[in-house]
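Per my numbering, residue 212 is the first one in the first sequence, and the count goes up by one each step. In this text, a Cβ means the ideal position worked out from N, Cα and C, and glycines have one as well. A quick note: this is a predicted structure, and the numbers were derived from the prediction, not measured. Below is one structure, written out as structure tokens; the observations come after it.
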Amino acid sequence: MTTQMKGLEDPMALITQMYPCIYTQVAPQQGEISKPRRRRKKNKGGESGAATAAETAKKRKLSQEQVDLLELNFGNEHKLESERKDRLASELGLDPRQVAVWFQNRRARWKNKKLEEEYSKLKTIHEGVVVEKCRLESEVLKLKDQLREAEKEIQGLTERVDGVSSNSPSSSSVLSMEAVDPPPFLGEFGAQGFEDQDVFYIGQNSYINGMEWMNLYM
DNA sequence: GGTGCAGAGATATTACATCA
DNA sequence: TTGATGTAATATCTCTGCAC
212 MTTQMKGLED PMALITQMYP CIYTQVAPQQ GEISKPRRRR KKNKGGESGA ATAAETAKKR
272 KLSQEQVDLL ELNFGNEHKL ESERKDRLAS ELGLDPRQVA VWFQNRRARW KNKKLEEEYS
332 KLKTIHEGVV VEKCRLESEV LKLKDQLREA EKEIQGLTER VDGVSSNSPS SSSVLSMEAV
392 DPPPFLGEFG AQGFEDQDVF YIGQNSYING MEWMNLYM
């Protein structure tokens with residue numbers, strides 16, 4: 212895993228959730244605490260029995276041909292049955308244990324590579340989602356502004372209508388009940404085209420200037 | 001069904017080789 | 001010479017299958 216993993220909160224948890232096939236055996240289950248591993252002791256002196264091969268023979272790299280054949284086999288199947296292990300070992304002139312170790316390490320490398328690839332994919336998706344979220348948020352703000360403006364206009368119209376009906380004589384036969392009804396068309400928010408004209412609807416599609424309307428009752 | 005054991009795989013770590 | 005990197009090897013843990 213590299214430093215590119217930094218920046219997301221617990222990306223491993225996410226990947227574990229999305230790719231349980233990769234993380235089945237060792238990923239701690241939810242609520243389970245993973246035990247700390249006992250640290251291995253350095254073994255330079257050679258008194259412990261386990262590292263005899265490494266002590267006697269210097270560690271040497273596998274030849275390119277050996278690696279090629281191992282890679283070929285790994286490409287066919289990542290797991291190594293004991294029969295195949297023995298056959299490969301004799302083909303390569305290696306110890307079966309070496310073949311097993313090579314496959315173990317190769318699986319680990321393959322898994323790391325896979326995780327890094329999946330991480331990059333998820334990161335790209337995440338970035339796209341963040342951009343879309345910002346776009347939607349600014350759209351919400353814009354729409355809220357529009358709504359506020361519309362409410363203001365509605366309130367203005369309501370106040371005008373209320374003012375008119377309270378000033379007019381209740382017994383008047385000139386102003387019909389249609390005066391409180393909305394105009395036949397008011398544009399997108401019901402008032403467009405009327406706010407600057409100071410006109411009132413008095414029925415039968417007849418519009419008169421506000422001052423003229425007042426003069427009728429003066 | 002519970003238990004002990006062996007084998008295999010996963011993972012962390014060490015040790016060595018190589019290269020810039 | 002030295003630090004970084006790649007990789008073979010080792011240590012430890014976990015899981016699984018099997019015999020009892």
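Residue burial classification, residue i (beta-carbon count within 10 angstroms, cutoff 16)
i: V342; result: exposed
i: S274; result: exposed
i: K296; result: buried
i: E338; result: exposed
i: L283; result: exposed
Residue i to residue j span [Cα, whole Å]
i: G304; j: T335; result: 45 Å
i: A262; j: L333; result: Interpretation of A262 is limited by its pLDDT of 35, a score under 50 that renders its predicted location unreliable; no figure is taken from the coordinates.
i: E360; j: K353; result: 11 Å
i: C232; j: R271; result: The predicted position of C232 is uncertain, since its pLDDT is 40 and thus under 50; a value taken from the coordinates is nonetheless stated next. Looking at the two C-alpha atoms, the distance is approximately 34 Å.
i: E302; j: K322; result: 27 Å
i: L358; j: Q366; result: 12 Å
i: R371; j: D356; result: 23 Å
i: L368; j: V351; result: 26 Å
i: K325; j: E364; result: 59 Å
i: F314; j: Y330; result: 24 Å
i: V340; j: L347; result: 10 Å
i: K290; j: L280; result: 15 Å
i: S349; j: E362; result: 20 Å
i: S377; j: K344; result: 49 Å
Three-state secondary structure assigned by DSSP to residue i
i: G339; result: helix
i: D306; result: coil
i: S331; result: helix
i: P393; result: Only weak support exists for where P393 lies, its pLDDT of 41 falling under 50; the value from the coordinates is given anyway. Coil, per DSSP.
i: L273; result: coil
i: L358; result: helix
i: E348; result: helix
i: L299; result: helix
i: L291; result: coil
Inter-residue CB distance, residue i and residue j (contact presumed, cutoff 8 Å)
i: L299; j: V312; result: Their Cβ separation, rounded to whole angstroms, is 12 Å, which puts L299 and V312 out of contact at 8 Å.
i: F285; j: R308; result: Their Cβ separation, rounded to whole angstroms, is 17 Å, which puts F285 and R308 out of contact at 8 Å.
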